[in-house]
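Peer 1:
Chains as they are written, first to last, in UniProt numbering: chain A, 1 to 357; chain B, 1 to 357.
1. By how many angstroms is the C-alpha of residue 202 of chain B removed from the C-alpha of residue 276 of chain A?
2. Compile a chain-ordered list of the residues in the segment 237–266 of chain A whose CB is closer than 7 angstroms to at least one CB of chain B.
3. Could you name the residues of the segment 172–198 of chain A whose beta carbon sits closer than 7 angstroms to any beta carbon of chain B, in the order they occur along the chain?
4. If we cut at 8 angstroms on Cβ distances, does residue 62 of chain A have a partner in chain B?
5. How close, in whole Å, do the beta carbons of residue 210 of chain B and residue 271 of chain B come, if the pair is a contact with beta carbons under 8 angstroms?
6. Run through DSSP, which three-state label would residue 28 of chain B get?
7. If we ignore side chains and look at the alpha-carbon of each, how far apart do residue 26 of chain B and residue 243 of chain B end up?
8. Under the three-state reduction of DSSP, which class applies to residue 251 of chain A: helix, strand or coil?
9. So residue 97 of chain B and residue 115 of chain B are supposed to be a Cβ contact under 8 angstroms. How far apart are they, rounded?
10. Grouping DSSP H, G and I as helix and E and B as strand, with all else coil, what is residue 89 of chain A?
11. In terms of alpha-carbon separation, which member of B:130, B:147, B:121 and B:177 lies closest to residue 119 of chain A?
12. Let me check understanding here. Comparing Cα to Cα, which of A:197, A:349, A:146 and A:258 lies closest to residue 63 of chain A?
13. Taking residue 74 of chain B as the query, report the chain A residues whose CB atoms sit under 7 angstroms from its CB, ordered along the chain.
14. Pick out the complete beta strand (DSSP E) segments inside the segment 226–285 of chain A, 3 residues or longer, and give them in chain order.
15. So if I threshold CB-CB distances at 9 angstroms, which residues from the segment 276–302 of chain B count as touching chain A?
16. Taking C-beta to C-beta, are residue 56 of chain B and residue 165 of chain B nearer than 8 angstroms?
17. Looking at the secondary structure, which residues open and close the alpha helix (DSSP H) in which residue 177 of chain A lies?
18. Secondary structure at residue 197 of chain B, three-state DSSP: helix, strand or coil?
19. What is the residue span of the alpha helix (DSSP H) that residue 305 of chain B lies within?
20. May I have the straight-line CA-CA distance separating residue 187 of chain B from residue 318 of chain A, to the nearest angstrom?
21. Contact criterion: CB-CB distance below 8 angstroms. Does residue 411 of chain A meet it with respect to chain B?
22. What residues match up with residue 97 of chain B in a beta bridge as DSSP calls it?
23. Count Cβ pairs between the segment 279–295 of chain A and the segment 236–253 of chain A that sit closer than 8 angstroms; are there 3 or more?
24. Which first and last residues belong to the alpha helix (DSSP H) in which residue 144 of chain A is found?
25. Roughly how many whole angstroms lie between the Cα atoms of residue 240 of chain B and residue 231 of chain B?
26. Between residue 214 of chain A and residue 344 of chain A, what straight-line distance do the alpha-carbon atoms span, to the nearest angstrom?
27. Have a look at A:72, A:191, A:220 and A:336 and flag the residue whose alpha-carbon is nearest the alpha-carbon of residue 308 of chain A.
28. For residue 136 of chain B, which of B:53, B:228 and B:181 has the nearest alpha-carbon?
29. Should residue 59 of chain B and residue 169 of chain B be called a contact, given that it needs their Cβ atoms to be closer than 8 angstroms?
30. Short of 6 angstroms in beta carbon distance, which residues of its chain neighbour residue 94 of chain B, apart from the five on each side in sequence? Order them along the chain.
31. For a contact meaning CB atoms closer than 9 angstroms, what does residue 125 of chain A contact in chain B?
32. Helix, strand or coil for residue 21 of chain A, going by three-state DSSP, please let me know.
33. Considering only the beta carbon of each residue, do residue 200 of chain A and residue 200 of chain B sit closer than 8 angstroms?
34. Give the interface partners of residue 200 of chain B over in chain A, defined as CB-CB distance under 7 angstroms, in chain order.
35. Would you report the Cα separation of residue 175 of chain B and residue 301 of chain A, rounded to the nearest angstrom?
36. Look up residue 336 of chain B in the DSSP assignment and say whether it is helix, strand or coil.
Right, dumping it as structure tokens:
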């Protein structure tokens, strides 16, 4: 079977570039679109199509909707309104809002499910915020588990969350307590990709510092975010190079926009300030394109990790709970906790090792 | 006695401009410094000096310290460190940190007390955050009340909070529930000046929309922020014009910086981005200078409102509590509540009237 890596490899020799006038070749900002799959594998993939479920979590105003809209060039949600009048609204809890769009570019279909979480981090007391998210993810595992244990296993619809964009405020110096607590609660359940939202207010130096702070905090609190995989050894050099760039720029610092401007003789998506114009597809301004490329290049890996790691964990836990009870169950839980501690320790040591090198 | 308005009036004819090479005259960005008081009133004011207590409240990372440092061109606090390791630190409460600096410009002394509130809005549960602030303000009233009731009333040191800068995140679309709750708890105790912090990430249109949202929310929730007073009728036209500009730009949208750059042949304080350079003293970029001018022009009014309105309210309440008890006390409290409701209603009607005009 063709993997996404292979597809991308083929892509290099036969890529359809985006329709932008006067576009210059710039290896760091190459735009890889769903529609860019070469003809020889076109029909095969197009028939089945791809499915991806993406969850976006973060405080209001961090541009979750704008990012999704500009990533997939769709108008997914209309502008939310401010809650204004009644004081009791101040304590409202978070909502889970899934919505599905079918994207088709040059005949390739992607069925994309976006799960928005409006209200997250907005109340005065956010103690229980992550629990709704955890419940939703577990419920999807549960549904898949039931379907898998059933008789008709041909048309299982997979609604498990393959990827979670966690939005970090660019105004803080790093992760807030809520960010840490939420990521710690979710990292064994879903592929977390941390995103510094609305990075317009960070100068280059501040951005470097902030990324470093976040990486340190992630290591310090033993949080396991999604590890972008290495390319296969037989992959072409350009893709390998691009992948190293992707890995080094975590967490992605994003400026997104659905507004299009005419500047320097070309159409650009960006934001106009009294002091300058931001081009969101310029890699000096934003990691927007890197994030989009990461999602497309590693779409299959995200699904694979979800299935083989997060779902298997869930399944194992569930089966063990069924099979054993009493002292055995307790023992198993202890073993599980021990394993998790070991995993955390390993992660920590690896982090320290990476710093030393 | 010379009022600040008068001083500023005199200032117009005899102002010492800031030492900036090639500075052009631009009436909207005139810089008024403490040292700009003319010679004839210099000695009288310089001997006594001014005192101002300013409280800054807002989430970490909104640039409270940077604003204070760039407003007064002092290094008040060193960079705070990220809390990293222990999870129990995630639930730490807020601190109240007063620090006093003596500023002297051209012989005029200002004793400035800055009260910082690190930790505000940072925990996962912020339910009790504003209470520490409220307690601090009440304690200062209490101290002043005790001093005023004592024998030696000549050298009362006035540490009452004259002004509170409330920092609003520029990433939200308006006020957050915590902002609303805190302002509602404090607006009868202190002069609140709302500030949109780190406005770098807002385009001009977004800024207009955000200011409008905030003003609507402030009216909607009957919050009474500090009302910038009109100029006296006999004031000169330029000052009147400047004052109208100050009033119309509430809440102040701030970009601050203590970094100095050489650009376009002059020294500017600003921030450098890959897409442009922000000059914080350029009124097209930031309301920084308007905020500074407001503070200097209306310093006396801030003190007067604190003394005649906020402190008198406190004093009245205290005396009534002493004098009456039982049913009379209950009745008085009911009356007080009734009065406050009337005041809120009046504020609301005035707001509606202002919108109609």
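Built from N, CA and C at the ideal position, the CB exists for glycine as well.
Peer 2: Walking through what the data contain:
1. 12 angstroms
2. none
3. For the segment 172–198 of chain A, the residues whose beta carbon sits under 7 angstroms from a beta carbon of chain B are, in order, 172, 173, 174, 176, 177, 178, 180, 181 and 198.
4. Closer than 8 angstroms: yes.
5. Contact doesn't hold; Cβ gap of about 19 angstroms is too wide.
6. Reliability fails at residue 28 of chain B, whose pLDDT of 39 lies under 50, so the model's placement of it is uncertain and the value that follows must be treated cautiously. Residue 28 of chain B falls in the helix class under three-state DSSP.
7. Low per-residue confidence applies at residue 26 of chain B: pLDDT is 41, beneath 50, and the placement is therefore not dependable enough to give any value.
8. In the structure shown, the three-state DSSP call for residue 251 of chain A is coil.
9. 7 angstroms
10. Only weak support exists for where residue 89 of chain A lies, its pLDDT of 49 falling under 50; the value from the coordinates is given anyway. If DSSP states are grouped into helix, strand and coil, residue 89 of chain A belongs with the helices.
11. B:177
12. A:197
13. The contacting residues do not exist; residue 74 of chain B stays about 21 angstroms from chain A at best.
14. Listed in chain order, the complete beta strand (DSSP E) runs (minimum 3 residues) inside the segment 226–285 of chain A are 260–263, 266–273 and 276–279.
15. 276, 277, 278, 279, 282, 284 and 285
16. yes
17. 177–186
18. strand
19. 299–305
20. Answer to the nearest angstrom: the Cα atoms are 54 angstroms apart.
21. Outside the shown range of chain A, which is 1 to 357, sits residue 411 of chain A, and nothing can be said about it.
22. B:116
23. yes
24. Counting along the chain, the alpha helix (DSSP H) containing residue 144 of chain A begins and ends at 129–149.
25. 6 angstroms
26. 17 angstroms
27. A:191
28. B:53
29. A contact, by the Cβ cut-off of 8 angstroms.
30. 117, 119, 120, 129 and 132, listed in sequence order.
31. Annotation: Cβ neighbours of residue 125 of chain A in chain B (cutoff 9 angstroms, chain order): 124, 125, 126 and 127.
32. Residue confidence for residue 21 of chain A is low, a pLDDT of 34 falling below 50, so the modelled location carries little weight; the figure read from the coordinates is stated next. Residue 21 of chain A: coil per DSSP, three-state reduction.
33. Cβ atoms of residue 200 of chain A and residue 200 of chain B: closer than 8 angstroms.
34. Taking a Cβ-Cβ cut-off of 7 angstroms, the neighbours of residue 200 of chain B in chain A comprise 200 and 201, given in sequence order.
35. 40 angstroms
36. helix
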